[in-house]
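Top line first, the protein sequences correspond to chains A and B.
Take the first sequence: its letter number 88 is residue 88 in the working numbering, and every next letter is one higher.
With positions in the second sequence counted from 1, the corresponding number in the working numbering is that position plus 469.
Below is one structure, written out as C-alpha cells, with a few remarks after it.
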Amino acid sequence: MKLFTYSPGGTEIEEEKWTKDKPFVKLPPPSIAVIPLSQHTGAPNVPAVKIGDHVKIGMVIGSTSAPVSAPVHASVSGDVIAIEDRLCPAGNKIQSIIIKNDFKEEEAEFEHVDSIENFTPEELIKKIRDAGIVGLGGAAFPTSIKLSPPKNKVIETVIGNGAECEAYLTTDYRVMIEFPDEIINGILIELKILNAKRGIIAVEDNKTDAADLLAKKIAERNLEDKIEVVLLKTKYPQGGEKQLIKAVLGREVPSGGLPLDVGTVVQNVGTLKAISEAIFYGKPLIERGITISGTAIKNPGNYIVRIGTQVSEIIDKVGGLNKKLRKLVFGGPMTGVAQSSLEVPVLKGTSGILFFGEESLEMAPEEESPCIRCASCVDSCPIGLLPIFLDHAYRRNDMKLAESLYAVDCIECGACSFVCPAKRHLTENIKKAKQSILKQRKIEAAKQAAFEKLKQKRLQEAKEKEAKK
Amino acid sequence: MTEDMVDLVVTSAPHVRKKIKTSQIMRDVLIALVPATVGGLYFFGIGHTLGVIIVAVLSTILAEYLGNLIFRKKSTLWDFSSGVTGLLLALVLPPSSPYWMVVVGAFSAIFIGKIIFGGIGSNPFNPALVGRAVLMVSWPTFMTTWLKPFYWKIGSQSLDAITSATPLNIVKLQSYSALIQQFGSKIALYKVLFIGNVGGCIGETSALLLLIGGIYLLVKKVIDWRIPFTYIISVFVFSFIFGRDPLFSILAGGLFLGAFFMATDYSSSPVTPRGKIIFGIFIGFVTVIIRRFSSYPEGIMFSILLGNAFVTYFDRFKPHIYGVFAKNGGKT
C-alpha cells in the first residue's frame, strides 16, 4: 500500500503508546461536574439554568445565538449549585456551571432515528449543532460551522483524521478499533451535508490494524466507491490538519485560509463518531474518550469520561498516583498544556491527560545552552519556517522581522523545540512572537477603523456646513 | 490522595525533548575524526605528530577556559566544541609543526575565531581554519614544509631527504604530467591519494579515512549531505571546466576534510537547505579558482573562510513555506 506523507519537515518522536491495547472503560460519573460555558473556539455561551435548578443528563445548560458556537449540556443529573468562573485547562478562567451529582442518572429524552435519508443537510447541521459537537482533536472548533461552508466553496473531499501522531495518546486508535461503523457513518453524514463525493480515512502506518478494520467494514457495507482508507507514514505532525491535507491531497491550504479553500473538510475520527451518535441517537456531547497515561499514574488506560469531571476525581477513580506528580498535561506531550491545579475539568477538546513525576523535568529541561546553528529546527519545521531566526527575532523583540519570517504561519507543533540539541525554547518564543504580532494587527485594524469613522464624520460635517451656506 | 503527592510545575509545550545534547554531537564529530587521526599517526609517525595533536587539543581547551574566565561566561568546556576545534586544527597542520606554533594557532582559533564573537554558535568563521590562516600568513615556511610519509624509514636525516612537495604543489610548480610521471601512472596516483600515503597535513591525506568519518556523520545525521556533496561535486565540475583532472582534484589536498568536517561547521555554514547547496557550489568554485589562478596550490581553507563570510546571504534562500505561495487551489 502506498504511504502518504507531507514534506519537507517533521520529526520522529518516541511514541510511548502504552495504552494501545486497553479498551475504553467507562469512568463512573463525578460527584461534582464543572462545565465551562465556553469549550469551543468562538462565542461563549450564556447560562440557560439558574442556581438551584435541577438538570438531567443531556439538558442544555448554556447556549447562545451567535453562529460560531456550540451549546453545552449537563453531563450528570443533579442540582446546579453554583455558576462561577473556574480555572480551565487553557490556563484562563471561564464562567462555568457547577452541578452536584445526585447519581440518579436521569436522562433527557434523546431522539433516535434509523436513517438520514429523509433529512435535509440543514436539518442534519442543526442536529449536530444542538448536540454541541466540536472538533475533538483538540482545537474544539464548532463542527456545525465547519460543515456550513460559504455557498461559493465546493467541497470535494471529507478526510477522517485517524493519524494520531502525538505520543502517548491512543484515544483515536481505540475509537477506530471499537467504533469503526460510527466513523463510517460520520463520514456518510458529512458527505451528505457537504454534497461531497469522496471520503478518505487517513491512518498512520503504526496503526495498520485499525486501517485494515476500517477497510474491512467499508467493504462489508459496499461503500468502497465512496470511502477509502489511506495509510500515512508515521511522522510527527502527520495529523496536523495542514500536513494531512498535503499528504493526502497534495494541496496546501493557503496561509490564513481554511481547508475548505482547497475543497476539503478534515474531521477527527472521534468527532465523526460523535456526529454519528448525535444524528442517530440524538446524543449530545456529554462524554468522550480520553487517554490517561504517563509515568505517575497507576493504571494508564483509555477511559470514557464525562465532560466536566475534574482531574482530582479522575485520579481517585482510576486508582491513584504511584509517585509524586510534578507535571500534569492536558493533551499530548508535544502540544499539550501543563496544568497548575488538579481542579481543572475535562473539556470537549480534551484528548488525553498525562501524569508525570520528577523525570518530566529531565524530559523537557528548562535550562538552555547556546544555539549551535545545527539547523535541526529548520529541517524539522513542517511549514518551512526558520525557527532559529524567529527565535532570534523574538529575543531581540524585533516583531517586524518575526512577521517577515512568517511567524503567524507557525502551527505550534513543537517539532523545533523537540529536536533542538541546545534545548532552546523555540516553539514557546515563536508562539509569543505570533501572539504579539496578531495583537498588534488587531490594534492597527482598530486604529484604522477609528480613523475611517472619524474621516466619515468630518466629511459629513463639512458637507452639512456646505449645505448651510 | 495527600497534598505532598502533588507539586506541579508549569512549562510551555513541548513537554518532551529528543535525547540529544550539543556534547553528543561534538563527541560524534570526535569519533568521526578517529580514522583520519589514526591514519595521520600511521603515516607521519607517533612521536612528533601525536605531540602536535595533543598540544593543539590541550591549548584550545585551555584557551576556551581562559576565554570563559575573561568574559565571565558560563563554562562551555563540557560541550567538547573546543576539543573538536583543537583536533581539527591539528589535522590541518603539517606534521612537522613546532609546538609553539601549534599553541599560537590554537589560541588564535579560539580567541580570534570564536570567543570574541560570543563563543559557541556565534562564530562567523570556522575557528580551526582561522587558526590555520593566522599561522599560514605568519609562518609560511613552517606551514609548507611537508614530511614524506614514513620519513623515519629513510636513512638520511637531512631536511631535503625527508620532505617533499604535496601533489598539488607539484602541479602548481611543475605540471600535472610531471606529477603523473613521478607516481608512474594516473591510477597509481589516484590510489596513493585515496589511501593517503602522501605528503600533506596530518589528517588531510587519506580520502578513504575521511570518507569513513564523513559517512559516520551522515548516518548519525550530525551533518547534512548537502554541503559536502555539493562542495565535492562543485570542485569536480569546475576543475573539469578549468581543464584539470577532476578526479585528481577532488582526491588531492584537503577537500574531503574540508567538505565533511570544515565546511559543515554549524556556526559558520548556512542553515537553510537551499543555502547549503549554494554555499557548497560557491566554495567549490572558489577552491578551483584559487588552485588554478592564485599562487596557493591548495585553496580549501581560503574558499571556506570566504564562503563563511557570505553565510548570511546564503541563508536568504529560504525553504518553501507551506501555504504562503500556494496558487491554483493550493496544488503544489
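Don't be surprised by glycine CBs; every beta carbon is placed ideally from N, CA and C.
Rounded to a whole number of angstroms, what is the C-alpha to C-alpha distance between residue i and residue j?
i: Thr-350 of chain A; j: Asp-79 of chain A; result: 25 Å
i: Thr-545 of chain B; j: Gln-39 of chain A; result: 47 Å
i: Ser-566 of chain B; j: Val-688 of chain B; result: 34 Å
i: Val-230 of chain A; j: Glu-444 of chain A; result: 44 Å
i: Gly-798 of chain B; j: Thr-120 of chain A; result: Confidence is the limiting factor: at Gly-798 of chain B the pLDDT is only 47, short of 50, which leaves the residue's position unreliable, though a coordinate-based value still follows. Cα-Cα distance, rounded: 29 Å.
i: Glu-412 of chain A; j: Cys-381 of chain A; result: 10 Å
i: Gly-712 of chain B; j: Ala-778 of chain B; result: 28 Å
i: Pro-766 of chain B; j: Phe-586 of chain B; result: 30 Å
i: Ile-656 of chain B; j: Ser-675 of chain B; result: 16 Å
i: Gly-552 of chain B; j: Gly-509 of chain B; result: 18 Å
i: Val-485 of chain B; j: Met-363 of chain A; result: 5 Å
i: Val-34 of chain A; j: Phe-110 of chain A; result: 23 Å
i: Gly-574 of chain B; j: Val-599 of chain B; result: 8 Å
i: Gly-336 of chain A; j: Gly-744 of chain B; result: 34 Å
i: Lys-233 of chain A; j: Ala-167 of chain A; result: 15 Å
i: Ser-443 of chain B; j: Val-479 of chain B; result: Summary: the structure shown does not reach residue 443 of chain B, with chain B confined to residues 470 through 801, and so no result is reported for it.
Counting C-beta neighbours from all protein chains within 10 Å, is the total for residue i 16 or more, i.e. buried, or is it exposed?
i: Ile-710 of chain B; result: exposed
i: Ser-785 of chain B; result: Going by the sequence as given, residue 785 of chain B is Arg instead of Ser. Result: exposed.
i: Trp-615 of chain B; result: buried
i: Met-741 of chain B; result: Reading off the sequence shown, one finds Thr at residue 741 of chain B, where the question assumed Met. Buried, since its Cβ has 16 or more Cβ neighbours within 10 Å.
i: Leu-188 of chain A; result: buried
i: Lys-543 of chain B; result: exposed
i: Gln-626 of chain B; result: exposed
i: Ser-115 of chain A; result: exposed
i: Leu-126 of chain A; result: Checking the sequence, you will find Lys at residue 126 of chain A rather than Leu. Lys-126 of chain A is exposed by the Cβ-count criterion.
i: Arg-541 of chain B; result: exposed
i: Thr-208 of chain A; result: exposed
i: Pro-300 of chain A; result: buried
i: Phe-103 of chain A; result: exposed
i: Ile-589 of chain B; result: buried
i: Tyr-488 of chain A; result: No answer is possible for residue 488 of chain A: the residues shown for chain A start at 1 and end at 469.
i: Arg-396 of chain A; result: exposed
i: Ser-736 of chain B; result: buried
My understanding is that residue i touches residue j, with C-beta atoms under 8 Å, so please give their C-beta distance in whole angstroms.
i: Thr-11 of chain A; j: Phe-418 of chain A; result: 6 Å
i: Asn-429 of chain A; j: Tyr-406 of chain A; result: Not confirmed; about 15 Å, so no contact.
i: Ala-139 of chain A; j: Lys-56 of chain A; result: The pair is not a contact, with the Cβ atoms about 29 Å apart (cut-off 8 Å).
i: Phe-512 of chain B; j: Pro-618 of chain B; result: 4 Å
i: Met-570 of chain B; j: Leu-538 of chain B; result: That belief does not hold up - the Cβ atoms of Met-570 of chain B and Leu-538 of chain B are roughly 24 Å apart, past 8 Å.
i: Ala-338 of chain A; j: Ile-133 of chain A; result: No, Ala-338 of chain A and Ile-133 of chain A are not in contact; Cβ-Cβ is about 27 Å, not under 8 Å.
i: Asp-172 of chain A; j: Lys-217 of chain A; result: Incorrect: roughly 16 Å between the Cβ atoms, too far for contact.
Counting only the same chain and skipping the five closest in sequence on each side, list residues whose C-beta sits under 6 Å from that of residue i.
i: Gly-42 of chain A; result: Val-68, Ser-69 and Pro-142
i: Ile-581 of chain B; result: Val-599
Which of the three DSSP states, helix, strand or coil, is assigned to residue i?
i: Gly-588 of chain B; result: coil
i: Glu-84 of chain A; result: strand
i: Leu-223 of chain A; result: coil
i: Lys-317 of chain A; result: helix
i: Asn-537 of chain B; result: helix
i: Val-706 of chain B; result: helix
i: Phe-179 of chain A; result: coil
i: Asn-797 of chain B; result: Model confidence at Asn-797 of chain B stands at a pLDDT of 46, short of 50, so the residue's coordinates are unreliable; what they give is reported in the following sentence. Residue state, collapsed to three classes: helix.
i: Leu-556 of chain B; result: helix
i: Asn-302 of chain A; result: strand
i: Tyr-568 of chain B; result: helix
i: Ala-449 of chain A; result: helix
i: Leu-325 of chain A; result: strand
i: Arg-356 of chain A; result: The identity of residue 356 of chain A in the sequence shown is Phe, whereas the question assumes Arg. Three-state result, Phe-356 of chain A: strand.
i: Asn-777 of chain B; result: helix
i: Asp-114 of chain A; result: coil
i: Arg-251 of chain A; result: strand
i: His-54 of chain A; result: strand
i: Ser-96 of chain A; result: strand
i: Asp-714 of chain B; result: coil
i: Gly-62 of chain A; result: strand
i: Asn-152 of chain A; result: coil
If you drop the 5 nearest sequence neighbours on each side, which residues of the same chain put their C-beta closer than 8 Å to that of residue i?
i: Ile-245 of chain A; result: Ile-159, Arg-251, Glu-252, Val-253, Pro-259, Val-262, Thr-264 and Val-266
So, for residue i: in the same chain, excluding its five sequence neighbours on each side, which residues have a beta-carbon less than 7 Å away from its beta-carbon?
i: Val-248 of chain A; result: Phe-4, Ile-159, Ile-200, Ala-202 and Val-230
i: Glu-343 of chain A; result: Leu-87, Gln-310 and Ser-312
i: Met-399 of chain A; result: Ala-433, Ser-436, Ile-437 and Gln-440
i: Cys-416 of chain A; result: Cys-377, Ser-380, Cys-381, Pro-387, Leu-426 and Thr-427
i: Ala-647 of chain B; result: Ile-639
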